[in-house]
Each structure stands twice: as C-alpha cells, then as structure tokens.
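Undergrad: Let me begin by handing over the structure; questions about it come next.
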Amino acid sequence: MYKMATTGVSTCPFATSKALSREHIDTSPAVISDNVDDILKEYDVLREACPVAYTNQYGGYWLMTRYDDVKAAALDSETFISSVRAVIPSDPRGLRRPPLNFDAPNHTPYRTALDRTLKPARIKRLAEPLQLHAEALLLPLMQRKEGNICTEFAAQFAAWVETEWLNLTPDTAPRLASTASAWVNAWRRMDGEKTTQFSTQLYDIARALLADRRENPRDPEEDPASSLLLERNSSGEPLEEIHLVGCIRQSLVVGMVAPPLMLGGICNYLSQDQELQQRLRDDLSLIPAAIEEFVRLFSPYRGFARTVSKETVIHGQTIKPGVPITLTYSAANRDPAVFDNPHEFVLDRPNIAMHMGFGRGRHRCVGQPLAKL
1 MYKMATTGVS TCPFATSKAL SREHIDTSPA VISDNVDDIL KEYDVLREAC PVAYTNQYGG
61 YWLMTRYDDV KAAALDSETF ISSVRAVIPS DPRGLRRPPL NFDAPNHTPY RTALDRTLKP
121 ARIKRLAEPL QLHAEALLLP LMQRKEGNIC TEFAAQFAAW VETEWLNLTP DTAPRLASTA
181 SAWVNAWRRM DGEKTTQFST QLYDIARALL ADRRENPRDP EEDPASSLLL ERNSSGEPLE
241 EIHLVGCIRQ SLVVGMVAPP LMLGGICNYL SQDQELQQRL RDDLSLIPAA IEEFVRLFSP
301 YRGFARTVSK ETVIHGQTIK PGVPITLTYS AANRDPAVFD NPHEFVLDRP NIAMHMGFGR
361 GRHRCVGQPL AKL
C-alpha cells in the first residue's frame, strides 16, 4: 500500500504498472482538480493501485475509492464517526450542526423529526405545487429558447422545494436561492468572513421559522420545525435551541447545493444523447430508472468524510482517530467490480439499487424522497 515514506515512492501491493509516490497523491486530480474527466480517470488509477491513499492536502486525509470499502464504512457508524469531521474541506469556522455532524444517540432525534415529514403521503402532496413551480421557472427559458439550467432553473427550483417542504413564506424562495449560492461560493473560496456573512442570513431564516412554530405549531408530519420541537434527547429533555436552529439551517443548505449540479449533469448528458432524450419523452415510465442511473453517474457530492473511533486497518493502512477518511461515493459508483461498463449510461441497469449516490447507513441523504420527486 501507499506509505507516507520520505523516499517519495510507495510500495503499493495493488500497483500493477507503477508505484504511486506521495507527490503523485498530493497533486492527483482526485485531490486538487475540478475537471470531472480527469478526476474520474484518477479514481480508476487509485481504485486499482492504491484504494486507500493519504494526501497532505486540506490538512491531511485518507481517500477511499473502492465500492466495498466505502459501503462498509458508511454502514459502520460506530467505527466511522461523523462528529469530528464530516466534510473535506470543512467549514472554515469549525461549526458542528445536526444531524450531519452528530453521532447516535445524539443524531437520532433530529433524523427522526426530518424523516417524519418526508413520508410517501407528504411527498405525494408536494408533487402538484412543485410541478407548478417547475413549469413557471422553465417557461422563460423555453420562450427565449436558451438559458442556464443550473442558475436560472435548478437553483431557483431547489429554493422552492425547500420553501414548500419547510412551509416558508413565498418571499423566502428567491432570498434563499441568492443567499445559498453566495454561501456556497464563499465556502469554495474558504473565505471565512463571507461564509459567516451569508451563513448568518440563513441562520436568521431558521431562527424566524423556529420562533414562529413555537407560537403557531403545525402538524408535525407536515412541518419539519414543528416536528423537531416535539423531539427529546436521550435524557428525555427538549433539544437545545442552538441545535434546533442549526438543524433547520443545515436543511436549508443541503437542499440547495446538490440540485443545480445534478440537474446540470443530467441536461448536459441528454443534450448529447438525442436518442435517449427522445426515448424518455416517448415513454415517461422510463424516467425513474433513468434518474437512478443519472444519480449513479453524476453524484453531486464526491463524498463525505468520517474519522475513526479507534485505530483501524484498511488494506494494510493504519487509520488513526482524528484523521479524516473520505467515503468517495462518486468513485464507488463507478467501480467496475460492481457496475459493468461503469462510465456508461445503462438504462434499467440490473443492480442500479446498489448505487451510493444518496449514501448509506444512518447518514444517508435525508432528502432522498424529495430528490427523486
């Protein structure tokens, strides 16, 4: 396996044509690039030659690329914990919010509250208003016969999805779209000052929502804030205000980041595959299967991070507590050991349910039902 040796060359037993040096890992497209093609090619190299690789980038972390390893780690929430580091790079301010940054049992009441509001009956009721929002947002692009599907449609539509799910006032949607976009860009630049500025605005929305639900509670199966207020911690006490606000604020953000990336990837692919585009137009029943395959191919998050609760050995590498290890879902989803022709779109792929585009285990995507809708 790859070793952090000062000689610069590893002795990966998995390597076939070459060993991978420390410098190679640190400058690998899988670590530093935003070019999708380059990243995916490098995942293929690492998966074969060095499936658990260490890089000094972003303070140092391990990169896991094989499907079986990623899945096993995602399902083992006692060993692979989220309360130390859950994202690489992490929030420049070091803040921790539930449920993403909490482990069980602290994680459980927040997850229970959100899941309660995403049952099939609620999703079905949300379908009609969201359809109307989609049509209204797409109409200007169709009239002009051009437009940016990511910024003009997907980001705006995601804000409406959040607004309908959280029962926010209609004027919140455009404000949420612009604020979330600015926050994401500040995060990417690791600009702590701007990240805080825009994050504060998201916190303001969360605090106002929570204060209103204390005064005007709603059906907990229809309203996330009301559902959260019902929950108790493992000691039977009400959840802390700071974490309630943090959970709502986390919910505001996570639903705003992935959709523009996902929808952009789908539309870009369909623009190049006219035959598939026409098949989906002619037979709408094919769309659910197509969506699953698109999520496998274009997972909007490369992955999430964990740290280990105890010293753990994977493929001969010793992972120590406190050092992040990434569960690279986008690499796992293209593992040829699991998915035949992994870089190709295959409609009705027999094992498509195995994809990890929504994660696995306790921290699987809360909004998965909304995302599929």
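At position 346 of the sequence shown (counting the first as 1) the number is 346 in full-length UniProt numbering, and the numbers step up by one without a gap. Glycine is no exception: its CB is placed at the ideal position from the N, C-alpha and C atoms.
1. Looking at the strands, I want to know which residues DSSP matches up with Ala159.
2. From what residue to what residue does the alpha helix (DSSP H) around Arg213 run?
3. According to DSSP, is Cys312 part of a helix, a strand, or is it coil?
4. Would you please state the rounded distance, in angstroms, between the beta carbons of Phe80 and Val257? I believe it to be under 8 Å.
5. Among Ala225, Glu237 and Met190, which residue has its Cα nearest to the Cα of Gln250?
6. Gln156: buried (16+ other C-beta within 10 angstroms of its C-beta) or exposed?
7. Would Pro129 pass as a contact of Glu164 if the rule is Cβ separation under 7 Å?
8. Give the range of the alpha helix (DSSP H) segment to which Met256 is assigned.
9. What residue ranges within the region 104-159 form continuous alpha helix (DSSP H) runs of no fewer than 4 residues, ordered along the chain?
10. So Ile319 is in the alpha helix (DSSP H); what residue range does that whole segment cover?
11. Using three-state DSSP, classify Ile81 as helix, strand or coil.
12. Can the beta-carbon of Val87 be found less than 7 Å from the beta-carbon of Gln57?
13. Can you name the start and end residues of the beta strand (DSSP E) that Ile287 belongs to?
14. What does the Cβ neighbour count give for Ser285, buried or exposed, with the cut at 16 atoms within 10 Å?
15. Is DSSP giving Leu64 helix, strand or coil here?
16. So, helix, strand or coil for Pro224, using DSSP?
17. Excluding sequence positions up to five away, which residues of its chain have a Cβ less than 7 Å from the Cβ of Val184?
18. Alpha carbon to alpha carbon, what distance is there between Ala177 and Leu202?
19. For the region 216-234 against the region 109-120, do three or more pairs of beta-carbon atoms, one drawn from each stretch, fall closer than 8 Å, so that the two count as touching?
20. Taking C-alpha atoms, which residue in Asn35, Asp34 and Trp62 lies nearest to Leu46?
21. Under a three-way DSSP split, which group does Asn238 fall into?
22. Going by Cα to Cα distance, which pick from Ser77, Asp283 and Tyr269 is closest to Glu293?
23. Over the uninterrupted beta strand (DSSP E) stretch that includes Ile325, give me the two end residues.
24. Contact defined as beta carbons within less than 8 Å: I believe Ala73 pairs with Arg306. What is the distance between those atoms, to the nearest angstrom?
25. Taking its Cβ as the centre, do 16 or more other Cβ atoms sit within 10 Å of Arg22, making it buried, or is it exposed?
26. In the DSSP assignment, the beta strand (DSSP E) including Ala353 goes from what residue to what residue?
27. Anyone know if the C-beta pair for Pro98 and Cys267 falls short of 7 Å?
28. Taking the Cβ atom as the reference point for each residue, do His355 and Arg279 lie within a distance shorter than 7 Å?
29. Using the Cα positions of Glu193 and Thr200, report the straight-line distance between them to the nearest angstrom.
30. Compute the distance between the beta-carbons of Pro300 and Ile123, then report whether it is under 7 Å.
31. Whose CA, out of Ile25, Asn216 and Asp69, lies closest to the CA of Thr55?
TA: On the basis of the coordinates in this document:
1. The sequence position of residue 159 within the sequence shown is 159, counting from 1. Ala159 pairs with nothing; no bridge assigned.
2. For this step, residue 213 is matched to residue 213 along the sequence shown. Per DSSP, Arg213 belongs to the alpha helix (DSSP H) from Gly192 to Glu215.
3. Against the sequence shown, residue 312 aligns to sequence position 312. Sequence check: residue 312 is Thr here, not Cys. Thr312 falls in the strand class under three-state DSSP.
4. Here residue 80 refers to the residue found at position 80 of the sequence shown. Here residue 257 refers to the residue found at position 257 of the sequence shown. With 8 Å as the limit, Phe80 and Val257 do not qualify as a contact, their Cβ atoms being about 22 Å apart.
5. Position 250 of the sequence shown, counted from the first residue, corresponds to residue 250. With distances taken between Cα atoms, Gln250 lies closest to Ala225.
6. The sequence position of residue 156 within the sequence shown is 156, counting from 1. The residue is buried, with at least 16 neighbouring Cβ atoms inside 10 Å.
7. Stepping through the sequence shown from its first residue, residue 129 is reached at position 129. Stepping through the sequence shown from its first residue, residue 164 is reached at position 164. A contact, by the Cβ cut-off of 7 Å.
8. Residue mapping note: residue 256 aligns to position 256 of the sequence shown, counting from 1. Unbroken alpha helix (DSSP H) run through Met256: Glu241 to Gln272.
9. 108-116 and 120-144
10. One-based indexing of the sequence shown puts residue 319 at position 319. Premise fails: Ile319 lies in the beta strand (DSSP E), Gln317 to Ile319, not in any alpha helix (DSSP H).
11. Position 81 of the sequence shown holds residue 81. If DSSP states are grouped into helix, strand and coil, Ile81 belongs with the strands.
12. The residue you call residue 87 lines up with position 87 of the sequence shown. The residue you call residue 57 lines up with position 57 of the sequence shown. Taking 7 Å as the Cβ cut-off, Val87 and Gln57 do not qualify as a contacting pair.
13. For the purposes of this step, residue 287 is taken as the residue at position 287 of the sequence shown. It is not in any beta strand (DSSP E) - Ile287 instead sits in the alpha helix (DSSP H) that spans Ile287 to Leu297.
14. By 1-based counting over the sequence shown, the position of residue 285 is 285. Counting Cβ neighbours within 10 Å, Ser285 comes out exposed, since fewer than 16 surround it.
15. Locating residue 64 in the sequence shown gives position 64, counting from the first residue. The displayed chain sequence assigns Met, not Leu, to residue 64. It is a strand residue.
16. Mapped onto the sequence shown, residue 224 falls at position 224. It is helical.
17. Working through the sequence shown from its first residue, we reach residue 184 at position 184. So the qualifying residues of the chain are Val257.
18. For the purposes of this step, residue 202 is identified with residue 202 of the sequence shown, where counting begins at 1. For the purposes of this step, residue 177 is identified with residue 177 of the sequence shown, where counting begins at 1. Computed Cα separation, rounded: 11 Å.
19. yes
20. For the purposes of this step, residue 46 is taken as residue 46 along the sequence shown, with counting starting at 1. Cα-wise, what sits closest to Leu46 is Trp62.
21. If you number the sequence shown from 1, residue 238 lands on position 238. For the record, residue 238 in the displayed sequence is Pro; it is not Asn. Here Pro238 sits in strand by DSSP.
22. Numbered from 1 along the sequence shown, position 293 holds the residue referred to as residue 293. Of the candidates Ser77, Asp283 and Tyr269, the one whose C-alpha sits nearest the C-alpha of Glu293 is Tyr269.
23. In the sequence shown, counting from the first residue as 1, residue 325 sits at position 325. That run of the beta strand (DSSP E) goes Ile325 to Leu327.
24. Sequence index remark: in the sequence shown, residue 73 carries index 73 (1-based). Sequence index remark: in the sequence shown, residue 306 carries index 306 (1-based). Right, the Cβ-Cβ distance comes to about 6 Å (below 8 Å), so this counts as a contact.
25. The residue given as residue 22 occupies position 22 in the sequence shown. The residue in question, Arg22, is buried, as its Cβ has 16 or more Cβ neighbours within 10 Å.
26. Along the sequence shown, read from residue 1 onward, the residue named residue 353 stands at position 353. First-last for Ala353: undefined, no H or E at that position.
27. The count along the sequence shown starts at 1 and reaches residue 98 at position 98. The count along the sequence shown starts at 1 and reaches residue 267 at position 267. No. Outside cutoff.
28. Stepping through the sequence shown from its first residue, residue 355 is reached at position 355. Stepping through the sequence shown from its first residue, residue 279 is reached at position 279. Result no, Cβ atoms of His355 and Arg279 do not sit closer than 7 Å.
29. Position 193 of the sequence shown, counting from 1, holds the residue named residue 193. Position 200 of the sequence shown, counting from 1, holds the residue named residue 200. Straight-line Cα distance between these residues: approximately 11 Å.
30. Taking the sequence shown and counting its residues from 1, the one referred to as residue 300 is at position 300. Taking the sequence shown and counting its residues from 1, the one referred to as residue 123 is at position 123. Not a contact, by the Cβ cut-off of 7 Å.
31. In the sequence shown, residue 55 corresponds to position 55, counting from 1. When each option's Cα is compared against that of Thr55, the closest is Ile25.
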